[in-house]
Structure formats: structure tokens, C-alpha cells
Amino acid sequence: MPAKSPAPTGSEDVRAQVHDLASLTPETRLRLAGLACARCGGTEALRPGGHTYTHGPDGGRLGWAVKVCAATAPSTCPRKGS
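Just so you know, we're using this note's numbering here: the sequence shown kicks off at 1 and counts up by one.
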């Protein structure tokens, strides 16, 4: 199970943590909605990329189907590290 940690920056993969639904950043919301790459935040050539989770004040968890850049490896993600 992923560990709870702060909101991702542009170079962090949102799939690596469980997010607090009450404190999501606008960038994280875009990534959870599948409108931006889960790895880098880019918006071009997205493909299915697995799932990540949020938790709410009631303790429940909600799964999100996220997307990643069409690059096959995280190291080739266009915005990785930016």
C-alpha cells in the first residue's frame, strides 16, 4: 500500500502515495482526473497508467484511473525532472 505523503511536485509520480482528498493541489487534481501525466504533469500523448488513491475524513479510499505520457519508461517522460 502506498504511503501518505505531501502533494507531488512537477517531477513526482502521483501513484506513489495515497492523497488526502481535502488538501489536493490543482495540479494533483488534473493528474487524478486523467487530464495530465501522473509522472510529470504533461498533457500530450497520454495513455492509461494505472491507479492511485485518495482518502477522505471518513477513512474510506477512492481509486482513480490515471494516465501517463506515451513514453514507455519513466525516464523518457518528456517533463520528468522539470
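No residue lacks a Cβ here, since even glycine has one placed at the ideal position from N, Cα and C.
request  = For H51, count neighbouring C-beta atoms within 10 Å of its own C-beta (all shown protein chains included) and say buried if the count is 16 or more, exposed if not.
outcome  = Looking at its Cβ environment, which holds fewer than 16 other Cβ atoms inside 10 Å, H51 is exposed.
key: Length of the line joining the Cα atoms of L30 and L62   = Answer to the nearest angstrom: the Cα atoms are 16 Å apart.
inquiry  = What residue range does the beta strand (DSSP E) around L30 cover?
reply    = Counted as a single uninterrupted DSSP element, the stretch harbouring L30 is not any beta strand (DSSP E) but the alpha helix (DSSP H) occupying residues 26–32.
ask   = Under a Cβ-count criterion, where at least 16 other Cβ atoms within 10 Å of its own Cβ denotes burial, should T43 be classed as buried or exposed?
value = By the neighbour-count rule (16 or more Cβ atoms within 10 Å), T43 is not buried but exposed.
message = Can you tell me whether P48 sits near the ligand NAP, meaning its C-beta is under 6 Å from at least one heavy atom of the ligand?
response = As presented, the structure is devoid of all ligands, the ligand NAP included, so that no description of it is given.
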